[in-house]
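Each residue of the sequence shown is one higher than the one before, counting from 1 in the UniProt record's numbering. Taking it in order: structure first as C-alpha cells, then the write-up.
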Amino acid sequence: MEIKHYDNRFTAEQDGKVIGDISFFEEGEQSIVIDSTKVIEEEQGNGVGEELVRNVVEKAKGENKTIVPRCPYAEEKIKENDDFKQVLETQ
Numbered sequence: 001m002e003i004k005h006y007d008n009r010f011t012a013e014q015d016g017k018v019i020g021d022i023s024f025f026e027e028g029e030q031s032i033v034i035d036s037t038k039v040i041e042e043e044q045g046n047g048v049g050e051e052l053v054r055n056v057v058e059k060a061k062g063e064n065k066t067i068v069p070r071c072p073y074a075e076e077k078i079k080e081n082d083d084f085k086q087v088l089e090t091q
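Have a look at this one:
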C-alpha cells in the first residue's frame with residue numbers, strides 16, 4: 001500500500017487503485033479538520049483507514065497544529081490511540 005498526499009487529502013493506493021481516502025481542511029491557523037474517511041469495502045478492517053488517520057496526525061504534529069475530527073471514524077481512531085490523542089483539539 002502506498003499513501004499519497006494531495007492538497008487537502010491523503011489517498012491509499014494499491015496496485016494503482018485507490019483503496020482509501022481521507023479529506024481535511026485547515027480551520028484558522030492552528031487546526032486541521034478531518035471531515036471524511038473512506039475505505040473500499042473489501043479493504044475495510046485491514047488498517048487502511050487507521051493509516052490514513054495516522055498520516056493526518058503526523059502532518060498536524062509536524063506543523064504544530066491540533067485536529068478537529070468531524071468524521072466519526074477519525075475521532076474514534078484518534079481517541080483510542082495514545083500517540084494520536086496529543087493532537088486532538090480540546091474545547
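Every residue gets a Cβ at the ideal spot worked out from N, C-alpha and C, and that includes glycine. Since the model is a prediction, treat every value here as computed from it, not as a measurement.
Under DSSP, I67 takes part in a beta bridge, and its partners are I32, L88.
CA-CA distance, N46 to K17, rounds to 16 Å. In this structure, DSSP gives I40 a state outside helix and strand, which the three-state scheme calls coil. Secondary structure at G16: coil, using DSSP grouped into helix, strand and coil. DSSP places N55 inside the alpha helix (DSSP H), whose first and last residues are 48-62.
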